[in-house]
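Asks:
Residue numbers (our numbering): -19 to 138.
(1) Whose C-alpha, out of 3, 30 and 27, is nearest the C-alpha of residue 17?
(2) With residue 125 as the anchor, note down where its beta strand (DSSP E) starts and where it stops.
(3) What number of angstroms, rounded off, separates the C-alpha of residue 105 from the C-alpha of residue 119?
(4) Give every residue of the same chain whose Cβ lies closer than 8 angstroms to the Cβ of residue -18, excluding the five residues on either side of it in the sequence, and list them in chain order.
(5) Classify residue -19 as helix, strand or coil using the three-state DSSP reduction.
(6) Where residue 125 and residue 92 are concerned, what is the direct C-alpha to C-alpha distance, given to the nearest angstrom?
(7) List the whole-angstrom C-beta distance separating residue 39 from residue -11, where the pair is believed to meet the contact cut-off of C-beta under 8 angstroms.
(8) What does the alpha-carbon distance come out to for the pair residue 65 and residue 59?
(9) Tell me the rounded alpha-carbon separation between residue 31 and residue 37.
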């Protein structure tokens, strides 16, 4: 935050708070009928209001300066980003040109003995699961043929 902005906001706030004192004095003088005292108090209040307006203008100038500074900073960051991308693109093109001239190398992978053993065990386990038949148990716990195997239709309604 700009110094002008901070000073303007603080000064305007203080000036507006200070207006309440002469306004109270003016109201009291009006009740008593003392017009001279009332005019002096209103003069002080007008002076404080003028100061607040001056500080408000200073705060506005500070905020404009902040906005301008932020725009310049953003523009500079964008230019740096564009430059970095251009450099990256040039470097990538150089790597592509250099890569086309070299022979292609391939990676290879081999399974270890332990990996082969685990693969065989997994295949055997999945084969034994497939060979199991669907079993249904009745209330007594005895195995009964599933309804699909017997060809019976089962209707369930709730």
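Even glycine gets a Cβ: it sits at the ideal position worked out from N, Cα and C.
Replies: On the basis of the supplied data:
(1) Sequence index remark: in the chain shown, residue 17 carries index 37 (1-based). Comparing Cα positions, the closest option is 3.
(2) Mapped onto the chain shown, residue 125 falls at position 145. From DSSP, the beta strand (DSSP E) with residue 125 extends over 123 to 125.
(3) Here the question's residue 105 lines up with position 125 in the chain shown. Here the question's residue 119 lines up with position 139 in the chain shown. Each residue's alpha carbon lies about 30 angstroms from the other.
(4) To locate residue -18, count along the chain shown from 1; it is residue 2. Excluding residues within five positions, the ones whose Cβ falls inside 8 angstroms are 42, 43, 45, 46 and 49.
(5) Counting from 1 along the chain shown, the entry for residue -19 is found at position 1. Looking at residue -19 - three-state DSSP - the assignment turns out to be coil, as it is neither helix nor strand.
(6) On the chain shown, position 145 is the one that residue 125 refers to. On the chain shown, position 112 is the one that residue 92 refers to. The straight-line gap from Cα to Cα measures roughly 44 angstroms.
(7) Position 59 of the chain shown holds residue 39. Position 9 of the chain shown holds residue -11. Yes, residue 39 and residue -11 are in contact; Cβ-Cβ is about 5 angstroms, under 8 angstroms.
(8) For the purposes of this step, residue 65 is taken as residue 85 along the chain shown, with counting starting at 1. For the purposes of this step, residue 59 is taken as residue 79 along the chain shown, with counting starting at 1. One C-alpha to the other measures close to 10 angstroms.
(9) To locate residue 31, count along the chain shown from 1; it is residue 51. To locate residue 37, count along the chain shown from 1; it is residue 57. Using only the alpha carbons, I get a separation of about 10 angstroms.
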